[in-house]
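K.L.:
In the numbering used here, the protein residues as written are 22 to 155. Pasting a structure here, questions to come.
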Amino acid sequence: MRLPLRICLIAALTFAASAIVVRLIWAFTSHMMVVSRVIIVLLILATLGVDALVAYLAIKPSLKKLKSLPVAISATVVFGGALAGAAIHYIRYVPSPGASAPLSLVIASLLLAACVSGYVFLLWLVWGTRRRRS
Numbered sequence: 022m023r024l025p026l027r028i029c030l031i032a033a034l035t036f037a038a039s040a041i042v043v044r045l046i047w048a049f050t051s052h053m054m055v056v057s058r059v060i061i062v063l064l065i066l067a068t069l070g071v072d073a074l075v076a077y078l079a080i081k082p083s084l085k086k087l088k089s090l091p092v093a094i095s096a097t098v099v100f101g102g103a104l105a106g107a108a109i110h111y112i113r114y115v116p117s118p119g120a121s122a123p124l125s126l127v128i129a130s131l132l133l134a135a136c137v138s139g140y141v142f143l144l145w146l147v148w149g150t151r152r153r154r155s
């Protein structure tokens, strides 16, 4: 990939991540419970982590970097934080009045199941390939 395209990709993702982080910080400053603040902090960290990972890989893409230990650890931590935020949100959402429709509970449960199975797949993929190489 050419350098100008990489720069445009990094700039676009950084602008999008910055907008997301600013909106989350704005939500953080409103009056809310501590649990909601934890979810927002986890979302901010996941957004920054994904942006940093994409920028890291876009600067000089290589399969060797993608298989490196720092990338494996950061991907696991970022997606683990996102999964923790999703689980906290799910636990708070199910008993709320907003989840009165049965279909919304089904959708929320399916999304949480997708997050958990995706995270298990990520762990299997990342740490299984690391173990085979060593």
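All C-beta atoms in this analysis are idealised placements derived from N, C-alpha and C, irrespective of residue type, glycine included. Remember, it's a predicted structure, so these values are computed and weren't measured experimentally.
Could you say which of Thr97, Ala79, Ser89, Cys136 lies nearest to Pro25 if we only look at CA atoms?
P.N.:
Selected option, being the one with the closest Cα: Ala79.
K.L.:
By a C-beta neighbour count over all protein chains shown, 10 Å radius and 16 as the cutoff for buried, is Ala32 buried or exposed?
P.N.:
When all chains shown are included, Ala32 counts as exposed.
K.L.:
If you measure between the beta carbons of Gly101 and Leu63, is that distance less than 7 Å?
P.N.:
No, these two residues do not count as a Cβ contact at 7 Å.
K.L.:
What first and last residue would you give for the alpha helix (DSSP H) that runs through Pro118?
P.N.:
Unbroken run through Pro118: none, as it is neither H nor E.
K.L.:
Could I get the ranges of all uninterrupted alpha helix (DSSP H) runs contained in the segment 63-124, with 4 residues as the minimum, in chain order?
P.N.:
Counting whole runs of 4 or more residues, the segment 63-124 contains the alpha helix (DSSP H) stretches 84-87, 90-114.
K.L.:
Please determine, among Ala103, Ala73, Ile112, the residue with the shortest C-alpha to C-alpha distance to Pro91.
P.N.:
Taking only the C-alpha atoms, the option nearest Pro91 is Ala73.
K.L.:
Is Leu34 closer than 7 Å to Val75 when the C-beta atoms are compared?
P.N.:
It is a contact, given that the beta carbons lie within the stated cut-off.
K.L.:
If I measure Cβ to Cβ from Leu157 and keep anything under 8 Å in the same chain, skipping five residues before and after, which residues do I get?
P.N.:
A question about residue 157 goes unanswered here, because the residues of the chain that appear run from 22 up to 155.
K.L.:
Please report the distance separating the alpha-carbon of Ala108 from that of Phe36.
P.N.:
Each residue's alpha carbon lies about 27 Å from the other.
K.L.:
First and last residue of the alpha helix (DSSP H) that includes Arg44?
P.N.:
Element bounds for Arg44: 24-49.
K.L.:
With a Cβ-Cβ cutoff of 7 Å, do Ala129 and Tyr114 count as a contact?
P.N.:
It is a contact, given that the beta carbons lie within the stated cut-off.
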